[in-house]
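The listed protein sequences derive, respectively, from chains A and B.
One gets our numbering by counting positions in the first sequence from 1 and adding 66 to each.
One gets our numbering by counting positions in the second sequence from 1 and adding 682 to each.
Note that the Cβ used here is the ideal one computed from N, Cα and C, for glycine as well.
Remember, it's a predicted structure, so these values are computed and weren't measured experimentally.
One structure is given below, encoded as C-alpha cells.
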Amino acid sequence: MKHIISVLVENKFGSLNRVAAMFSARGFNLESISIGETEDTEISRMTIVTRGEDQIISQVLKQLNRLVDTIKVTDLTRQPHVERELLLMTLKLSKTVQHEIFELITVFKGKVVDIKQKSITIEVIGSPDKINTTIDIFRPYGIKELARSGAVAIHRGE
Amino acid sequence: MHSSGQTLNGSEIFFECLRRENVEYIFGYPGGSLLKVYETLHDVKDIHHILVRHEQGATHMAEGYARATGKPGVVLVTSGPGATNTVTGIANAYMDSSPMVVFTGQVPSSLIGNDAFQEADIVGITRPITKHNFLVKDVRELAITIRKAFFLATTGRPGPVLVDMPKDILNSSCVFDFPETVDIRGFKPTFKCHINQVEKAAQKIAKAKRPLLYIGGGVISAEASEELRTLAIQQNIPVTMTLQGLGAFPGNHPLSMGMLGMHGTYWSNQAVNKCDLLIAVGARFDDRVTGKVDTFAPQAYKIHNDIDPTNVDKNIKVDLPIVGDAKNFLATLLEVMPENKENREPWLAEINAWRVQCPLTYSSEDDSLRTEFVIDEVSRQTSGNAVVVTDVGQHQMWTSQFYTFINPRSIITSGGLGTMGFGLPAAIGAAFGIKDRPVVLFCGDGGFMMNVQELVTAVHNKMPVKIFLINNSFLGMVRQWQELFHQEKYSFTDLGDSNPDFVKVAEAFGCKALKADNPESARLAITEALAYNDGPILVDFRVVKKDMVFPMVPAGGSISDMLLARLNPKTMV
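Dropping the structure here:
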C-alpha cells in the first residue's frame, strides 16, 4: 500500500542524502521525495511517498526516526491531510489539436505558462493520482518533456 | 589544562575536549592534514597516543578497548587513505554496537570537492556505517561537535561516530567554550521501559511453563548482568546467549545453556524450538541466530526488549515489544515480578536430557592437536577469567563452545560484520584497557595475516597479549562450507604452501614465540604463555586441518536441519 510520510529534518547539508541513502541501503521503495525549508529556517520538511506492507512501513518509520538529523516523522496516510504535486509539461502544438488541448487544460484546472509556435508548456497541480491521469490524457497529443515535483503534503488544520 | 574563555586554536581545542571526555588513549597515525594536531600532541602528557601501523588496526584497537572497558574508543587518522582505511573498523563497530569516536583530518575547507591531494569524502563514505557523522565547518563548532560525537557514541545503542576536521579549522582560533550539556532534538532514545509492558511481561513469565531467556550483547553494554543473574535464578529460567551475549550470565551456572544459533549448542536450539515463552533482551534476532524465521521458536510467546526500536519486529514479529534500556527493563521486571510458583523442573530436566543426548565433544583418540582442546585447556588454565578476543572463523565458534565465560566483557569478537583481521588489534586495544586480567587472543592463520603489522604495536608497547594462533593452514570455515555444501572443491582455501613460518615472523617483530603440535606440548606452551608478561607471546598451534564445527544449522535452515555429524564419543560438558 502507498504511504505518504512527512519528515521534519535539520536543515543541514547531507540530511537529504542520509534519508535517501537509508532507503537504498535497506532496500525500501522510494517513489518520490521532496524537501524544502519550513517556517523555521533551521528545519526542512521532507515529503516521502513509499509503498510497502505494514511491517515494512513500520520499519521505514523507525529507521527514519533513528537518523539523528530527523526531528519528527509522521505517517500522514491514515490522517486527514492535503497532498499536492506540481506537473510542468511541454506538449507539441498544432492547429488541429490546439482546441482540444485548451479544453483539457480547463478540465484539469491547469495553466498555460509558456506558448510558442509549435509547443505549449502547462502547469497542473493536484494529487499524484490526478497528475498521473493528466499525463495519461495528454500523452496522445505528444509530450515533449515533463517534470514532476513529487508530492508535498501537510496535515489538515484543526 | 586550558579553561573555557581562553582563545585556543583548533588543535588545542581538540585535546581540551578529549580531556574533558576523560579519554585515556588515542589510537592513531599522523599525516599531512593532521600536522597541527600532532604538533600540539607532542606536548600533551595526560592522553596517551598509541601509534598503530595501519589505520584499520587503530579502529579495531579502539573497539577492543571499548568492548573491554565500556568506554568509547578513540581513533585519530589523517585525510584520504588514512580515513578510508578506517572504513572496515567503523563498519565492524556499527554492526556490533561498540562506542567509538573516529577523528579524521580533512583537506583545507577551500579545497574540499576539488579532488585535492589526499582528499576523500569520508563523511559521505561512512554515512551508512556510522551512527552519525560530522564535517566541522567552523572552529567555533569544533567543541560542541566533539561533545555531540561522544554523547551520540555512548548514549542509547552505542555505535561509532566520525568527526571530519579540515586542516584550516585545526589551525584557526576561537574562544574555547566547552558545553557541559548537550541536547540533540532529533536524538532522544527511550531509556525507561513502559511500565505496563513490563508488568505484562512479568505476568507472562510467572505463568510460563517452559520459559527461555535469550540474551544478547545489549545486556553487557547496559551493564545489566547482575539483574539478569537475579532474575534467572529467582525465577529458575534457563539462559541462552548470543555470541556477543556470552558472559552476561556465568557459563558455569547450571542455568547457563551457552550459545544458540548456527553453531549454538544442541540443547539451546532445541529449547528455542520447544519453549512456550521467549524473553529476548538486548538481542536482535540475527539470521545466524534464527535460521529460517518461519520456524524460529514456533510455540513461544515472544517478549523483546531492546534499546533500539528498529530491532523490534525487524526479522521476527514479536508479541510484546518493550523498547528501553536492558538494565532498566530487568530491574523493573524484578520489582514487579511475583514470586515464582511454576514448577520448572520438568522443563529443566528436558533440557538436561538434550544436553546429555548431544554434548559438545571433540576427538581425543590420537595424539594430534585440536583447536577445541587448545581452547578448552586455556579456559581451564585461566579459570574462565581471561578477556578472550577472537578473530573470525572456526576458532571463533569453537571459542563460543569450549571457553567457559564467567563474567561480562570477557568475549571480544567480530560478530555482525565477521571481520577477519579484527582479532590481533582488538586484543591489543583490550590489553590497554584491562591490566588485571589476562588478555587472550584466538586467531586463525588466515586472519592473523590480515593485520599482522600490529604485532609491532604490541611489541613496542610491551602489551602482554597471549596470541594463540590456531594454525590449520586453511581458511577453515570456508573449507567447512566447501566440504559440506560445495562438492569438496577447496578453492583457494589451502594456505599450506604459502603460509610463512609464524614463529619466525613473530621473532622478526621482536615477539616471543613458541610452537606446539600435540596436546602435551600445547598444554605446556599455554602455561608458559600465561605466565609471560613482558610483552606479547605467540604460540603457533599446529592443529588438524579437517575438523569441522558442529552442531551446525545450515544457513537459512530450521532447527530440524541441524547437523550433528562427526561427533565423537568423548563427552565434554
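Item to check | TRP949 (chain B) versus PHE1084 (chain B) - alpha carbon distance | outcome: 15 Å
Next on the checklist: Quick check on this structure: which residue in B:LYS1228, B:LEU717, B:ASN955 and B:ASN1067 has the alpha carbon closest to the alpha carbon of SER1050 (chain B)?
Outcome noted: B:LYS1228
Item to check | beta strand (DSSP E) segment containing ARG117 (chain A), residue limits | outcome: 109–117
Item to check | DSSP beta-bridge partners of ILE1152 (chain B) | outcome: BP columns for ILE1152 (chain B) point to B:GLY1126 and B:PHE1223.
Checklist entry - Helix or strand or just coil, what does DSSP make of PRO1201 (chain B)? => result helix
Checklist entry - Can you check whether the CB of GLY118 (chain A) is closer than 9 Å to the CB of MET155 (chain A)? => result Between MET155 (chain A) and GLY118 (chain A), the CB-CB gap reaches or exceeds 9 Å.
Checklist entry - Which of helix, strand or coil does DSSP assign to TYR1085 (chain B)? => result coil
Checklist entry - Taking DSSP as the reference, what is the three-state secondary structure of PHE697 (chain B)? => result helix
Next on the checklist: Which residues in chain B have a C-beta closer than 7 Å to the C-beta of ASP135 (chain A)? List them in chain order.
Outcome noted: GLY868
Checklist entry - When the Cα atoms are used, what is the spatial distance from VAL1122 (chain B) to GLU1136 (chain B)? => result 16 Å
Checklist entry - Could you give the residue range of the beta strand (DSSP E) that holds PHE785 (chain B)? => result That run of the beta strand (DSSP E) goes 782–788.
Checklist entry - Can you pull the DSSP bridge partners for ASP846 (chain B)? => result For ASP846 (chain B), which the question treats as bridged, DSSP gives the partners B:THR786 and B:LEU817.
Checklist entry - Using the beta-carbon count (16 or more within 10 Å), is VAL1274 (chain B) buried or exposed? => result Coverage of chain B is limited to positions 683 through 1255, which leaves residue 1274 (chain B) absent and any answer about it impossible.
Item to check | Residue environment, LYS718 (chain B), which counts as buried when at least 16 other CB atoms sit within 10 Å | outcome: buried
Checklist entry - If you draw a straight line from the alpha carbon of VAL1147 (chain B) to that of MET1159 (chain B), how long is it in whole angstroms? => result 25 Å
Item to check | Bridge-paired residues (DSSP) for ARG1159 (chain B) | outcome: It is Met, not Arg, that sits at residue 1159 (chain B) in the sequence shown. Answer by DSSP bridge pairing: none, since MET1159 (chain B) is not bridged.
Next on the checklist: Would PHE94 (chain A) pass as an interface residue toward chain B - the criterion being a Cβ-Cβ separation below 9 Å?
Outcome noted: Judged by the 9 Å Cβ criterion, PHE94 (chain A) is not in contact with chain B.
Next on the checklist: Do ILE772 (chain B) and THR751 (chain B) have their beta-carbon atoms positioned less than 9 Å apart in this structure?
Outcome noted: no
Item to check | 7 Å Cβ cut-off: residues of chain D touching GLU189 (chain A) | outcome: This model lacks chain D altogether; the protein chains it does include are A and B.
Item to check | Chain-ordered chain A contacts of ARG640 (chain B) [CB-CB under 8 Å] | outcome: Given a span of 683 to 1255 for chain B in the structure shown, any question on residue 640 (chain B) remains unanswerable.
Item to check | Check whether LEU630 (chain B) and ASP1222 (chain B) have beta carbons under 9 Å apart | outcome: Residue 630 (chain B) lies beyond the residue range present for chain B, which begins at 683 and ends at 1255; the question has no answer from this structure.
Next on the checklist: Going by DSSP, what residue range makes up the alpha helix (DSSP H) through ASP1058 (chain B)?
Outcome noted: 1053–1063
Checklist entry - Can a CB atom of chain B be found closer than 9 Å to the CB of ASN77 (chain A)? => result no
Checklist entry - Of the choices B:PHE1114, B:GLY795 and B:LEU844, whose alpha-carbon is the least far from that of ALA765 (chain B)? => result Here the closest residue by C-alpha is B:LEU844.
Next on the checklist: Would ALA802 (chain B) and GLY841 (chain B) be called neighbours here (beta carbons separated by less than 9 Å)?
Outcome noted: Between ALA802 (chain B) and GLY841 (chain B), the CB-CB gap reaches or exceeds 9 Å.
Next on the checklist: Under 9 Å, Cβ to Cβ, is there at least one residue of chain A near LEU817 (chain B)?
Outcome noted: yes
Checklist entry - Does the beta carbon of GLY806 (chain B) come closer than 9 Å to any beta carbon on chain A? => result At least one CB atom of chain A sits nearer than 9 Å to the CB of GLY806 (chain B).
Checklist entry - What's the C-alpha gap between GLY1271 (chain B) and LEU942 (chain B)? => result Since the first residue of chain B shown is 683 and the last is 1255, residue 1271 (chain B) is not available in this structure.
Checklist entry - With 9 Å set as the bound, which would you pick, yes or no: does the beta-carbon of SER124 (chain A) sit closer than that to a beta-carbon of chain B? => result Contact with chain B is found for SER124 (chain A), since one of that chain's Cβ atoms lies less than 9 Å from the residue's Cβ.
Checklist entry - Under a three-way DSSP split, which group does THR1253 (chain B) fall into? => result With a pLDDT of only 37 at THR1253 (chain B), under 50, the local geometry of the prediction cannot be trusted, and the value read off the model is given with reservation. Coil, per DSSP.
Next on the checklist: What ranges does the alpha helix (DSSP H) occupy inside the stretch 869–895 of chain B, keeping only unbroken runs of at least 4 residues that lie completely in it?
Outcome noted: Counting only runs of 4 or more, we get 877–889.
Checklist entry - When the Cβ atoms of the stretch 847–863 of chain B are set against those of the stretch 887–904 of chain B, are three or more pairs found closer than 8 Å? => result no
Item to check | Extent of the continuous beta strand (DSSP E) run through ILE1241 (chain B) | outcome: No beta strand (DSSP E) holds ILE1241 (chain B); DSSP gives it neither H nor E.
Checklist entry - Which ranges would you report for the beta strand (DSSP E) in the stretch 167–212 of chain A if only whole runs of at least 3 residues count? => result Secondary structure in the stretch 167–212 of chain A: the beta strand (DSSP E) runs of 3 residues or longer, each lying completely within the stretch, are 177–181 and 185–192 in chain order.
Next on the checklist: Using a Cβ-Cβ distance cut-off of 9 Å, determine whether ARG132 (chain A) contacts chain B.
Outcome noted: yes
Checklist entry - Is ASP969 (chain B) buried or exposed, if buried means 16 or more other CB atoms sit within 10 Å of its CB? => result exposed
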